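*Asks:* Per the UniProt record's numbering, residue 1 is the first one in the sequence shown, and the count goes up by one each step. By construction, the Cβ of each residue, glycine as well, lies at the ideal position given by its N, Cα and C atoms. Because the structure is a prediction, the values reported are computed rather than measured. Got a structure for you, questions after.
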Amino acid sequence: MQANDTQQHAVQFQAPVKKIEADTWPVDDVLALFDLPFNDLMFKAQTAHRANFPDGDVELATLLSIKTGGCEEDCGYCPQAARYDTGVEAKKMLDVREVLDAAKAARENGATRFCMGAAWRSPKDRDMEKVETMVREVKAMGLETCATLGMLKEEQAQRLADAGLDYYNHNLDTAPEFYSNVISTRDYQDRLDTLGHVRTAGLKVCCGGIVGMGESRRQRAGLIAQLANLNPYPESVPVNHLVQVEGTPLHGLDPLDPLEFVRTIAVARITMPKARVRLSAGRRQMGEAVQAMCFLAGANSIFYGDKLLTTENPEAADDRVLLDKLGLKTRGKVEAKAGSCS
């Protein structure tokens with residue numbers, strides 16, 4: 001399937017996308033960054049990175065699927081959607097003890113943030129109490145806590161905040177004008193509303209997107225502009241490279257050029273200079289050289305562990321080798337030097 005075939009996946013809609021504030025970064029300005037000569041773009045990104053993260057440390061975050069498969073949504077990239085035949089079986093939510101064991105292992109391997117993801121359109125009230133227990137117990141281990149559970153009501157966001165959650169992840173995925181090519185079971189405003197509830201509850205925001213879904217460069221710029229114009233912009237920005245899974249509508253697309261992915265990281269760093277820009281899904285297919293360029297472009301966070309929800313991720317030992325080759329410190333080591341440890 002080629003890029004233009006994605007338009008057959010979802011019904012087009014005209015739902016309004018509310019602007020959270022006047023654009024600090026108009027799409028044309030973001031596109032102009034993408035269009036810079038590669039060396040000039042990397043120089044700008046590295047300058048912004050050094051100014052805001054002088055220690056040059058890399059955050060290690062581990063992601064665990066606490067509820068896998070059976071999702072009612074139709075996200076075209078997702079193997080956990082029940083309507084696609086991808087070999088992913090729907091499972092019950094993990095027991096709290098299983099989650100705590102995984103969090104302990106992540107901490108022992110050097111992770112400072114533990115993210116819990118569930119394949120839900122939105123959590124049901126009967127699920128919240130168990131998730132809140134997970135959050136409280138993981139936080140008690142000294143780890144930062146993050147959850148991604150789908151759309152939230154205002155009171156659900158507050159319950160997570162009361163349990164001690166640090167970050168809530170809810171990605172915008174792509175630019176507003178490309179969104180309906182990928183998803184039809186929720187609209188863009190639904191995502192913005194959840195982010196609003198998260199901010200109102202006092203939680204930090206983890207929000208990014210996926211590139212390589214058949215979008216144009218301008219549409220990649222549109223995604224970055226949406227993120228950068230949030231007020232405030234997200235504290236964490238995961239940038240995912242599409243992992244094509246057989247059985248999903250986006251399987252078979254022409255792969256994104258690796259240097260275009262590096263450009264996306266650099267533009268994210270320039271437009272959101274104080275955010276943790278995270279290399280997320282798709283690192284396994286990049287190789288060391290492309291990952292090294294991403295770090296040079298301003299990435300300073302990675303998902304760390306052998307699996308991201310249902311897709312493979314580089315082994316933790318391989319990541320340690322690469323970070324050592326590049327002479328990059330991890331966040332935990334930097335904080336330990338400063339006299340605190342997480």
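1) For the alpha helix (DSSP H) containing C115, name the first residue and the last one.
2) Measure the Cβ-Cβ separation of F261 and V321 and say whether it is below 8 Å.
3) If contact is defined by three or more beta carbon pairs under 8 Å, each pair taking one atom from either stretch, is the region 145-165 in contact with the region 181-199?
4) Using the rule of at least 16 other Cβ atoms within 10 Å of the residue's Cβ for burial, across every protein chain shown, is K325 buried or exposed?
5) Identify the residues that DSSP records as bridge partners of R276: which are they?
6) By Cβ distance, which residues of its chain are closer than 6 Å to L192, with the 5 residues on each side in sequence left out?
7) Verify whether the separation of the beta carbon atoms of A266 and V237 is less than 8 Å.
8) Only counting the same chain, and skipping five residues up and downstream in sequence, which positions put a Cβ closer than 6 Å to that of L323?
9) At the level of alpha carbons, what is the spacing between Q46 and R263?
10) I'd like to know if the region 211-224 and the region 19-38 are in contact, where contact means that at least 3 CB-CB pairs between them fall below 8 Å.
11) For L60, which residues does DSSP report across the bridge?
12) Based on Cα-Cα distance, which residue from R126, A297, S122 and L172 lies nearest to E154?
13) Alpha carbon to alpha carbon, what distance is there between A111 and T68?
14) Is L259 buried or exposed, if buried means 16 or more other CB atoms sit within 10 Å of its CB?
15) Have a look at D35 and D95 and give me their C-alpha separation to the nearest angstrom.
*Replies:* Walking through what the data contain:
1) Mapped onto the sequence shown, residue 115 falls at position 115. Careful: C115 lies outside any alpha helix (DSSP H), inside the beta strand (DSSP E) at R113 to A118.
2) Counting from one through the sequence shown, the residue named residue 261 turns up at place 261. Counting from one through the sequence shown, the residue named residue 321 turns up at place 321. Contact: no.
3) Because the criterion of three Cβ pairs below 8 Å is met, the region 181-199 and the region 145-165 touch.
4) Reading the sequence shown from its first residue, position 325 is the one you call residue 325. K325 should be labelled exposed.
5) Residue mapping note: residue 276 aligns to position 276 of the sequence shown, counting from 1. Answer is S236.
6) As a position in the sequence shown, residue 192 is number 192, starting the count at 1. Within the same chain, L192 has no close Cβ partners at all.
7) As a working note, residue 266 is residue 266 in the sequence shown. As a working note, residue 237 is residue 237 in the sequence shown. V237 is positioned such that its CB atom lies no closer than 8 Å to that of A266.
8) Counting from one through the sequence shown, the residue named residue 323 turns up at place 323. Taken in chain order, the list of residues that qualify is empty.
9) Here residue 46 is taken as the residue at index 46 of the sequence shown, counted from 1. Here residue 263 is taken as the residue at index 263 of the sequence shown, counted from 1. A straight line joining the alpha-carbon of Q46 with that of R263 spans about 12 Å.
10) Yes, the region 211-224 touches the region 19-38.
11) Working through the sequence shown from its first residue, we reach residue 60 at position 60. I302, per the DSSP bridge assignment.
12) Locating residue 154 in the sequence shown gives position 154, where the first residue counts as 1. Closest by alpha carbon: S122.
13) Residue 68 sits at position 68 when you count from the first residue of the sequence shown. Residue 111 sits at position 111 when you count from the first residue of the sequence shown. Between T68 and A111, the C-alpha separation is close to 22 Å.
14) Sequence index remark: in the sequence shown, residue 259 carries index 259 (1-based). Classification of L259: exposed, given that the 10 Å Cβ count is below 16.
15) The count along the sequence shown starts at 1 and reaches residue 35 at position 35. The count along the sequence shown starts at 1 and reaches residue 95 at position 95. Taking the straight line joining both Cα atoms gives about 48 Å.
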